[in-house]
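Each residue of the sequence shown is one higher than the one before, counting from 0 in numbering that gives the first Met the number 0. C-beta atoms are modelled at their ideal positions from N, C-alpha and C, and glycine is treated no differently. Being a predicted model, the structure only gives us computed values, none of them experimental. As structure tokens, the structure follows; a few thoughts come after it.
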Amino acid sequence: MSDNQKVWPTGLTEAESEELHRNLIQGTQFFGMIAAFAHLLAYIYSPWLG
Numbered sequence: 000m001s002d003n004q005k006v007w008p009t010g011l012t013e014a015e016s017e018e019l020h021r022n023l024i025q026g027t028q029f030f031g032m033i034a035a036f037a038h039l040l041a042y043i044y045s046p047w048l049g
């Protein structure tokens with residue numbers, strides 16, 4: 000008895016997998032902004048290219 004709504008192999012529905020993907024993308028963007036800000040601060044306090 001398999002549920003036709005579930006997507007193999009995760010067992011998530013399509014809506015659940017889209018929500019998970021959205022959250023993953025938002026988390027990656029948030030991490031990227033923090034990393035860019037940290038690199039900017041590191042460059043300001045100890046310029047490695049100039």
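For residue 23, which residues does DSSP report across the bridge? DSSP lists no partner for residue 23.
Output needed for residue 4: all residues of its chain with C-beta closer than 7 Å, excluding positions within five of it in sequence on either side, in chain order. 12
Which partner residues does residue 11 have in the DSSP bridge list? 6
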